[in-house]
Amino acid sequence: MSTTFAKKGTLDFLAKDNTVVGQPLNLNALFHSRIIFWDPIQQASVEAALDELVDDHVLKRQDQKYVLTKAGFDQIYPPVNDFIKSTILDWFLSRGVKAEEGLDIHTLYLHHTLMWTPRQNKSFRPGLEKMVNDGLIELKSGNIFLTQKGVETCKASQRESAHDDH
């Protein structure tokens, strides 16, 4: 019996549920949001799929529950690399790249983080610090402002994007 579908469905559920390392898999929610809609063969493969996820070190058994491991977290939430940088630069690009126009940090955080993965949320402060250290932005009174280098980076990104479209 193939467990591929059930494993993928479980991993997708963990990601959408923003499960973090050490957090148990909510089997009740998984059942009511996914498994009941699967065909009988897919439903029958769930137990074997969970066992395979334990064998693959994605989950571990702890206190009669399935708990997400670090390896599982890394699998369902890919590295974010320059996620914060691209989010902030995209915001400025969408508004015409004006160095004098500030972006309120709290507004950015509140409007975006609900849709971000735990890894993306965790990268917020370090991402901002890296952009400051790279000379792309300045933080003033709770706002993000582009530096001249930040403006040039946005404009170069616009040119590359326009070139890729042709």
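So the sequence shown is numbered by the numbering used here: it starts at 1 and just counts up by one.
Every residue gets a Cβ at the ideal spot worked out from N, C-alpha and C, and that includes glycine.
Only a predicted model underlies this, so the values are computations on that prediction, with no experimental measurement involved.
What separation, rounded to the nearest whole angstrom, lies between the Cα atoms of residue i and residue j?
{"i": "residue 26", "j": "residue 47", "result": "14 Å"}
{"i": "residue 56", "j": "residue 21", "result": "15 Å"}
{"i": "residue 109", "j": "residue 63", "result": "35 Å"}
{"i": "residue 152", "j": "residue 59", "result": "45 Å"}
{"i": "residue 95", "j": "residue 5", "result": "42 Å"}
{"i": "residue 10", "j": "residue 117", "result": "16 Å"}
{"i": "residue 101", "j": "residue 136", "result": "14 Å"}
{"i": "residue 112", "j": "residue 121", "result": "9 Å"}
{"i": "residue 29", "j": "residue 50", "result": "15 Å"}
{"i": "residue 157", "j": "residue 114", "result": "27 Å"}
{"i": "residue 154", "j": "residue 147", "result": "11 Å"}
{"i": "residue 35", "j": "residue 3", "result": "13 Å"}
{"i": "residue 91", "j": "residue 42", "result": "42 Å"}
{"i": "residue 119", "j": "residue 39", "result": "33 Å"}
{"i": "residue 73", "j": "residue 53", "result": "12 Å"}
{"i": "residue 132", "j": "residue 138", "result": "6 Å"}
{"i": "residue 127", "j": "residue 134", "result": "10 Å"}
{"i": "residue 79", "j": "residue 24", "result": "22 Å"}
{"i": "residue 150", "j": "residue 130", "result": "13 Å"}
Can you tell me whether DSSP reads residue i as helix, strand or coil?
{"i": "residue 120", "result": "helix"}
{"i": "residue 24", "result": "strand"}
{"i": "residue 66", "result": "strand"}
{"i": "residue 87", "result": "helix"}
{"i": "residue 96", "result": "coil"}
{"i": "residue 157", "result": "helix"}
{"i": "residue 3", "result": "coil"}
Would you list the one or two residues that DSSP bridges to residue i?
{"i": "residue 126", "result": "The partner list for residue 126 (beta bridge, DSSP) is empty, contrary to what the question assumes."}
{"i": "residue 104", "result": "143"}
{"i": "residue 138", "result": "145"}
{"i": "residue 59", "result": "68"}
Since residue i contacts residue j with CB under 8 Å, what's their CB separation in whole angstroms?
{"i": "residue 33", "j": "residue 13", "result": "7 Å"}
{"i": "residue 84", "j": "residue 123", "result": "6 Å"}
Check whether the region 139-148 touches the region 101-115, counting contact only when three or more Cβ pairs, one atom from each stretch, lie closer than 8 Å. yes
Report yes or no: do the region 9-24 and the region 68-78 share at least 3 C-beta pairs separated by less than 8 Å? yes
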